[in-house]
Each structure stands twice: as C-alpha cells, then as structure tokens.
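Colleague: With positions in the sequence shown counted from 1, the corresponding number in this note's numbering is that position plus 291. Even glycine gets a Cβ: it sits at the ideal position worked out from N, Cα and C. Before I ask anything, let me first share the structure, which is written out below as structure tokens.
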Amino acid sequence: MPERLSPTRVARLYYLHPALAGPLAAWPQHFKRAKALGFEAICLPPLFSHAEADPFLSNDHDQAAIGGPIDAAAAHLADECNKAGLRLVVDVVLDRIAAGHKQAKQVADHYRPLNRNGTCDPRAAASDGLVVSLNGDVEWFTRPWIERLSRLAKQGVSGFRLLGLGALPVAALKDIVRGVPEAQHLAWTPGLDWPQLEAMAGIGLSGVFASAPWWDGRAAWYVEEHERLRRIAPIIVPMEEPFGERVAARAATPDARAVAARHAARIAAATGNGWLMPMGFESLATRRVDARSVPDDLAASNVDVSDDIAALGKMSGPAAELRGPMINLTGAGAKVSVLGRVDAADTRDAEAGVAIVINTDLAQGRSIAGMAAQPVVGQLAARQSIATLAPADVLVVPLEPSKPVIRKDAGGDVLAAASSPRIVVENLSPSVAGGAFAATRIVGQPIVVEADVYTDGHDLLRAELLWRAADERAWREVPMALLGNDRWRASFTPLRIGRHEFAVEGWWDEFGSIRHAIEARHDAGVDVTADVGDARAYLQMLADRKVPCTASKFAEVSAMLAGAASEGAVKALLSTEMRTLVDTADPRAFKSRSAAVALEVERREAGFASWYELFPRSLTHDENRHGTFNDVIEALPRIRAMGFDVLYFPPIHPIGTTNRKGRNNTLDAKPGDLGSPYAIGSKEGGHDALHPALGTPQDFRRLVKQARAHGLELALDFAIQCSPDHPWLKDHPEWFKRRADGTIKYAENPPKKYQDIHNVDFYAPGAVPALWL
C-alpha cells in the first residue's frame, strides 16, 4: 500500500490531465517527471465512468473512465504512483451526476436538471446532468458516497479532492469525511460563501484550496480568505485552476509567459501549506483543457519553468509549515505587496514566521523601502534588508524573534520620578507649530485660550490662564472652565499692541474632590460622616498654613463644623462662601505650569486690508518726467474712493547704474532707462536713502501724513539686496560671499540671472552681528 498523506501535511499535488497524458501506458513517465519536480502526489480527474464531454458528470460509479471495474482501475493507478514514490488523490464530484447515470431513475426525486450557470464545468449542456437537492434526511446520499470512497481508499487512493460543495449541507459533508477516516479529504473551496467556509471548521477536512488564480497580488480579500481557510485545514494554493484559464495564455511571448508562470508558482508556494499544479503549467501551455485536448497541446518549447517548479520547496522555506494567520502589511495601492505569516494564532505569541514580498508588476523591477525593505510582524523581524525586486519577483524572507530594547537607566531614581510633574498641561491654543512661533491676534478683541489638563486617577483638577504683556513682570490670572474630555478654556483681552505671552497652570483640587464626594453621597442618602471628617482635616491644614487674613476665618469654620449636625456641616461645606475661602489659601497641590506661549497683538487694521500697488515713478502724466511723491499725493483721493486701505510701493531707494537692466528686463539699458527698483544702491546711498527723483524725505513724510488723512497706510517692499554700486560693497565687503575667482555671485533664478543684483550673506563671519542689527 502507498504511504498515506500525513494529517498534518498537505501534499504538493501534480494535476494530471488524461487527455494530455496520452495512453495509459505513458502515464508512469509523467509520474516520474512529477516526482522529479518535487511533487508528492498525483491528482486525477474523477475515476468514474463519465459523460463523453465532461469528466465531472459520472454515469456509472462502478466503472472506471479508463475502462474496467472501478476497484481494479484505482488499484492499478495507485500502484503506479507508488512505484514513482507518489501518492494518489482523485477528484470526486459530490453534487451531480450525468443525466444518463444508471441509477438516475432510482434517485430522480432527489435530483433536478443541471443549470448551465451552476455547472462545475461550463462545457456541460443543461440537459447533460442532474444536480442533487438535499432536504431533511441525507443518509440516502451520504451512505453510498462513504461506501464508494472507502472502496477507493482500500485500493490505495490516499485522498480525494471534493468538488461540488456549494449545494451540500455542511452536515452531509461532515458525515462523508468522518465516514472515511483512512483518507485525506481536500475540499475545493474557491467560490464558496464565507459563512459556509466558517461552518466547515472542525469537520475533519485535511486541506482546503485558496483562490490565488483570481488574485491580483494586492487585494485584501485574499488575506481575509486565508484567515477563514486556515481555521478549517491546511491550505493548498493552485497555480492555476484545473480546466481553467492558463496563466501562460495571458502573455504574448514565451519569455513573458515564463515570467507570469514563475510569478504564479511562487505565490502558490509562499502563501499556503502546499500547492497544486495542473499538467502543462511547467511547459507554458496556453490552451485550456477540454474534450478536444490532445498530447500535442504540450508541444515542446525552448522555454519552460520546470527548474523553477523543482526549486519551490527550497524557495518557500518554512512557509509551508506555518498555520497561523496571514497579515497584510501594505495597502491595496502599494506597488509592492508584503504579507506576513507566523506560526501562532496570535502574532504576539509567534516564534517563527516569514514575510512574503511580492512585486505585482510583471514587467518592471521595483526599488523598495520601509516595511517592504525589512518587514516586521509582531515581535518578529527580518534580519536581511531588501533593496530591489526583479519584475514579478516573489521573495520569502524568514522572520526571527527580536529582543526588546532594555534601557540601561530602567528603574532610575524613584525619588526624582516621584517629584516630576504629576499633572500634564499640553496642547495649548492659539499657537503656531506648538509654540515655536507667535500666533497673531487683534488688540481689543477677546482671545480664547484652550489647553488639555489631566492627571492620573479620578480626583478633580483646577486650571488657570496666566497672561501678560512682554514688558510686564506680573501675571494676570483668569480661572478656566472645563469643557469636557480634559479640555479647559478661558479668555483674555489685550489692550496694548505688541508681544504678549500666556501660560496655563493646573493643580490638584483636593477640596473640590472632597466636596464632590460629600455631595454625591449625601444626594444618594449615604452616610457622609467620614467625608465631613476629611473636610475638617483639610480645613485645619489650611488654618495651620497661617495665610494672611484667613487664619481667624478657618478657626471659626472649624469651630462651627465641630458642633454642627451632619446636615449643617454638609450645607456649610458645599456653600459658595466656603469655596471662596478655601481658594484664598489653596496650596495648589502638584501644581504644574506650561511653558509660556508667545502671542503677537496687532493693530485693528492688521485684520483686514485691500492693497493697491503702484510704482511712484510711473505716476506721471508726462512720459519724460519721473513720477514723485507729490504725484502720489494727488492720486490719494482716487485710490481711496476705490475702497483700498493700503498703498503698496516697490523699493524707493536709489537705483544702481552698473549692469542696469533696460526695458522689459533687457541687458542693454538705453539712456533714460530707469532700471529695476530692486537693484538697490548707488552713489546717492543705499537702503537708508530715498531715490532723489522721487522727492525729499520731507516729501515722503508729507505723503505718509496725507495718506493717513485719507484713511490709507503705506507698505514697502523690504528687499535686502544690493546693486553693484551699493555702498555696502565698498564699506562692508565682509557682508558678501565671494567665489573662488574673487567675484561676487549674481542673484539668479535659473534660467534667469540678475546681473544688476548681489545678495548679502547673513551668515558670513563678518556679517554677524553688524548686518543683523
């Protein structure tokens, strides 16, 4: 008898197509070749005699498709497989029979005509078959199948690929599987509803099949299916569907077919516990197997993937033994898919695993980084890093346990830890970049401040907003209100323009916690004697602190509480007056204050503005006369009438003559060309001078005054750049960066170059601090 399939190991199945294998006498050579490719079992279509066009529609379960009684045929084939060192698995279609089956009349009440859309093989005509309809008692159905499969098992058949499961109640399948315990039962599960898959767990199946032939290498459903299948039995992954579309048919050239086949084979080896390969896959057959198939369909090609198939066992490594979950480590849109597989139901308990890295692009390689480069699953991590993937590549990367980081300072100074802030104050607003830059607000408008203030435990907290102008020492204090979820809020209104700052302080509200406990228990009718005692002790502590103006008041309160009845004590402790008194002496236990947050308070006009841009030199009615500040003054009523708030000028400094730009930014300035106002600096001065053609400083001051009288403000471009004639180049050469040849680089914005402008170097050794100030 041939060796049985191990119940903990699923075989690597070579699916032999009789139509492609040729005469029965030629089959042993195919068996030997399958063994050489690393397969452990031969899988055959149903052995039973069948309808002419469809091997899946049996017409006599006592006769064999290869001729003779079924028992003799099964024994012969099992013996030939055994000689080649292989086991025999055969297909069994449970839910249908041929319309011409010899027992069709006896079971006519339990079968109905086979709908073409429901056939296992689409070649069958609607009138060729009958499909079973099981309701109520199923023993009439399961008993004959148990007898048939037991007979085949006695003849050496090691296992069965069970098809047609969609129409069967799981209870019927369970009876059949448990009725033939000496064989392996491999359920063909692609296409079954997930609830049906979940019901199959625990019925004794030896293997199930994944839907890899229909997977694009990315979609999450494959991982979800794997999770359901692994709970049933070890998973066999088909490289392509028997009698289905050929993987090689999707490509146009032999080399491209080989790439596609290797890709499918590697996915099968990496993602399951075993694999199934239909005959012809290794030789890149492109024609779907059907009733017209012949051995010549396997015509020799100068390209095949036999060597790749033989290497799958080594390539898959420990993946075939893993029974834990598969985890998707990348999204459906990733160019490279990464899956994790482990040896435990919970990744946290895993001691071994693999990462499967898949390049779903069959034509292009990929450079990879991040999770794909060095995957991590739970406490397991890849030791090797992956930089690139070839086109269609599938890698199986071993994962090993990683040690947690052990801090040398673990434990540390307990006293220091205990003295660190117990209350957290964070996420203050308004702020910019966590307080790195000042937020801006308008003077005279309320500023709402919020912060998260929280601590451990359930005791109550209080919080206070602190704010001040930058030139003030004392903080102003504003109580904050709890919004919920540890978020607190308060507001303040600045009355001055300029830099301000605010902070938030939180502390343990010990008296508030005592009051809350008294109120809650009192309202619930629970005795509060102990709580009132806690309140007396707390108030005595405050009295002992001898805070000015409070000692006598606390003495009076203590005396009153000592002689008061329970109701009177509760009323006094919950009063507003008591809360106010305690606040004056509250030591603010575990007080914690945030860092100060900067706030820039601007004038009202900073909150709105419509800007009108003009070149003062262009504001003239005579093209031969340079515009002046006085010309701008004349235009102010017209500009204001259009609704503008701000008059916006380019630089108004002297303009250099060296490399002066002509009209339209040309390099050859003509006589009378004024140059760019951004080429600042000439013999008349630099950034501290006005262009003499615009007017005098007195003219400019008059412009500012007249603009304000019309409700306008002035804005200037502040361009810190110099023409070659700027006084700074002579007076402060250390403010500029020189090239190796001693020249100063022109400003440029490639492909543009500004020969009339040099930039200062704020970080030149001689520029700090003089240029900054």
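Out of Val817, Ala886, Asp762, state which residue places its alpha-carbon closest to the alpha-carbon of Val715.
Modeller: Numbered from its first residue, the sequence shown carries residue 715 at position 424. Cα-wise, what sits closest to Val715 is Ala886.
Colleague: Give the C-beta separation of Pro941 and Pro968 to the nearest angstrom, bearing in mind that I take them to be a contact with Cβ-Cβ under 8 Å.
Modeller: Within the sequence shown, numbered from 1, the residue matching residue 941 stands at position 650. Within the sequence shown, numbered from 1, the residue matching residue 968 stands at position 677. About 4 Å separates the two Cβ atoms, so the contact holds.
Colleague: Taking the continuous beta strand (DSSP E) assigned at His917, which residues delimit it?
Modeller: Here residue 917 corresponds to residue number 626 of the sequence shown, with the count starting at 1. Segment: none, His917 is in no beta strand (DSSP E) and carries neither H nor E.
Colleague: Short of 6 Å in beta carbon distance, which residues of its chain neighbour Leu520, apart from the five on each side in sequence? Order them along the chain.
Modeller: Walking along the sequence shown from the start, residue 520 turns up at place 229. Same-chain partners within the cutoff: Val499, Ile526.
Colleague: Per the DSSP calculation, Arg759 is bridged to which residue(s)?
Modeller: The count along the sequence shown starts at 1 and reaches residue 759 at position 468. Paired residue(s): Glu792.
Colleague: Given a cut-off of 8 Å on the beta-carbon distance, is the pair Ala1038 and Tyr1045 in contact?
Modeller: Your numbering for residue 1038 matches position 747 in the sequence shown. Your numbering for residue 1045 matches position 754 in the sequence shown. Going by C-beta atoms, Ala1038 is nearer than 8 Å to Tyr1045.
Colleague: Mark Phe1053 as exposed unless 16 or more other C-beta atoms lie within 10 angstroms of its C-beta, in which case mark it buried.
Modeller: Position 762 of the sequence shown holds residue 1053. The residue in question, Phe1053, is exposed, as its Cβ has fewer than 16 Cβ neighbours within 10 Å.
Colleague: What residue range does the beta strand (DSSP E) around Glu250 cover?
Modeller: Shown here, the chain extends from 292 to 1064; a query on residue 250 therefore has no answer.
Colleague: Hey, out of Glu925, Arg908, Lys837, whose CA is closest to Leu965's CA?
Modeller: In the sequence shown, the residue the question calls residue 965 occupies position 674. When each option's Cα is compared against that of Leu965, the closest is Arg908.
Colleague: Tell me which residues share the same chain as Ala566 and place their Cβ nearer than 6 Å to its Cβ, disregarding the 5 neighbours each side in the sequence.
Modeller: The residue labelled residue 566 in the question sits at position 275 within the sequence shown. Going by the sequence as given, residue 566 is Trp instead of Ala. For Trp566, where only same-chain residues beyond five positions count, the Cβ hits under 6 Å are Arg303, Val528, Ala559, Ala560.
Colleague: Should Ala474 and Leu440 be called a contact, given that it needs their Cβ atoms to be closer than 8 Å?
Modeller: Position 183 of the sequence shown, counted from the start, is the residue given in the question as residue 474. Position 149 of the sequence shown, counted from the start, is the residue given in the question as residue 440. Yes, the pair counts as a contact, with Cβ atoms nearer than the cut-off.
Colleague: For the beta strand (DSSP E) containing Lys1044, list its first residue and its last residue.
Modeller: The residue labelled residue 1044 in the question sits at position 753 within the sequence shown. First-last of the beta strand (DSSP E) with Lys1044: 1043–1050.
Colleague: Spatial neighbours of Leu613 within its chain, please: CB distance less than 6 Å, with the 5 preceding and 5 following residues excluded, ordered by chain position.
Modeller: The residue you call residue 613 lines up with position 322 of the sequence shown. Correct list, in chain order: Arg632, Asp634.
Colleague: According to DSSP, what are the bridge partners of Asp1065?
Modeller: For residue 1065 there is no data in the structure shown, the boundaries of the chain being 292 and 1064.
Colleague: State the start and end residues of the unbroken beta strand (DSSP E) segment that holds Lys1028.
Modeller: On the sequence shown, residue 1028 is found 737 positions in, with the first residue counted as 1. Lys1028 -> no beta strand (DSSP E), and no H or E assigned at all.
Colleague: Using only the alpha-carbon positions, how far apart do His367 and Ser349 sit?
Modeller: On the sequence shown, residue 367 is found 76 positions in, with the first residue counted as 1. On the sequence shown, residue 349 is found 58 positions in, with the first residue counted as 1. In a straight line, the C-alpha of His367 is about 20 Å away from that of Ser349.
Colleague: Going straight from the alpha carbon of Ala853 to that of Ala828, what length do you get?
Modeller: Looking up residue 853 in the sequence shown gives position 562. Looking up residue 828 in the sequence shown gives position 537. For Ala853 and Ala828, the distance between alpha carbons rounds to 11 Å.
Colleague: Straight-line CA distance for Glu975 to Val744?
Modeller: The residue you call residue 975 lines up with position 684 of the sequence shown. The residue you call residue 744 lines up with position 453 of the sequence shown. Roughly 60 Å separates the two Cα atoms.
Colleague: Excluding five sequence neighbours on each side, which residues of the same chain lie with their C-beta closer than 6 Å to the C-beta of Val550?
Modeller: Working through the sequence shown from its first residue, we reach residue 550 at position 259. Excluding residues within five positions, the ones whose Cβ falls inside 6 Å are Leu653, Ala683.
Colleague: In angstroms, rounded to a whole number, what distance separates the CA positions of Gly495 and Ala636?
Modeller: Counting from one through the sequence shown, the residue named residue 495 turns up at place 204. Counting from one through the sequence shown, the residue named residue 636 turns up at place 345. Roughly 19 Å between the two C-alpha positions.
Colleague: So, using beta-carbon positions, are Leu589 and Arg548 closer together than 8 Å?
Modeller: Along the sequence shown, one-based indexing puts residue 589 at 298. Along the sequence shown, one-based indexing puts residue 548 at 257. Cβ atoms of Leu589 and Arg548: not closer than 8 Å.
Colleague: Report the rounded CA-to-CA distance for Arg557 versus Met530, giving the unit in angstroms.
Modeller: Working through the sequence shown from its first residue, we reach residue 557 at position 266. Working through the sequence shown from its first residue, we reach residue 530 at position 239. Arg557 and Met530: Cα-Cα distance of roughly 9 Å.
Colleague: For a quick check, are the C-beta atoms of Met869 and Ala860 less than 8 Å apart?
Modeller: Taking the sequence shown and counting its residues from 1, one reaches residue 869 at position 578. Taking the sequence shown and counting its residues from 1, one reaches residue 860 at position 569. Cβ distance not < 8 Å, so Met869 and Ala860 don't count as in contact.
Colleague: Which of the three DSSP states is assigned to Ala1038 in this structure?
Modeller: Translated into the one-based positions of the sequence shown, residue 1038 becomes position 747. Ala1038: strand per DSSP, three-state reduction.
Colleague: I'd like the span of the alpha helix (DSSP H) that includes Pro435, first residue to last.
Modeller: By one-based count along the sequence shown, residue 435 stands at place 144. It spans 430–445 - the alpha helix (DSSP H) in which Pro435 sits, taken as one unbroken run.
Colleague: Cα separation between Arg787 and Asn956?
Modeller: Locating residue 787 in the sequence shown gives position 496, where the first residue counts as 1. Locating residue 956 in the sequence shown gives position 665, where the first residue counts as 1. Approximately 46 Å, taken between the alpha carbons.
Colleague: Going by beta-carbon coordinates alone, are Val687 and Gly563 separated by less than 8 Å?
Modeller: For the purposes of this step, residue 687 is taken as the residue at position 396 of the sequence shown. For the purposes of this step, residue 563 is taken as the residue at position 272 of the sequence shown. Their beta carbons are not under 8 Å apart, which means Val687 does not touch Gly563 by this criterion.
Colleague: Determine whether the beta carbon atoms of Ile437 and Leu379 lie at a separation below 8 Å.
Modeller: Position 146 of the sequence shown holds residue 437. Position 88 of the sequence shown holds residue 379. No. Outside cutoff.
Colleague: How many angstroms separate the CA atom of His517 from the CA atom of His476?
Modeller: By 1-based counting over the sequence shown, the position of residue 517 is 226. By 1-based counting over the sequence shown, the position of residue 476 is 185. The straight-line gap from Cα to Cα measures roughly 18 Å.
Colleague: Can you give the Cα-Cα distance for Ala536 and Phe339, rounded to whole angstroms?
Modeller: Mapped onto the sequence shown, residue 536 falls at position 245. Mapped onto the sequence shown, residue 339 falls at position 48. The question names Ala, but residue 536 in the sequence shown is Glu. Glu536 and Phe339: Cα-Cα distance of roughly 25 Å.
Colleague: Just to confirm my understanding: we take Gln1073, look at its own chain, exclude 5 residues before and 5 after, and list those with CB closer than 6 Å. What are they?
Modeller: This structure cannot speak to residue 1073, because the chain is shown only from 292 to 1064.
Colleague: Going by beta carbon distance, what residues of the same chain come within less than 7 Å of Leu927, once the five residues before and after it are set aside?
Modeller: On the sequence shown, residue 927 is found 636 positions in, with the first residue counted as 1. Closer than 7 Å at Cβ, skipping near neighbours: Gln997, Ala998, His1001, Leu1003.
Colleague: From this set, Ala542, Pro545, Arg509, Arg992, which residue's C-alpha is nearest Lys626's C-alpha?
Modeller: Numbered from 1 along the sequence shown, position 335 holds the residue referred to as residue 626. Nearest C-alpha to Lys626: Arg509.
Colleague: Do Lys326 and Ala389 have their beta-carbon atoms positioned less than 8 Å apart in this structure?
Modeller: Here residue 389 is taken as the residue at index 98 of the sequence shown, counted from 1. Here residue 326 is taken as the residue at index 35 of the sequence shown, counted from 1. Going by C-beta atoms, Ala389 is not nearer than 8 Å to Lys326.
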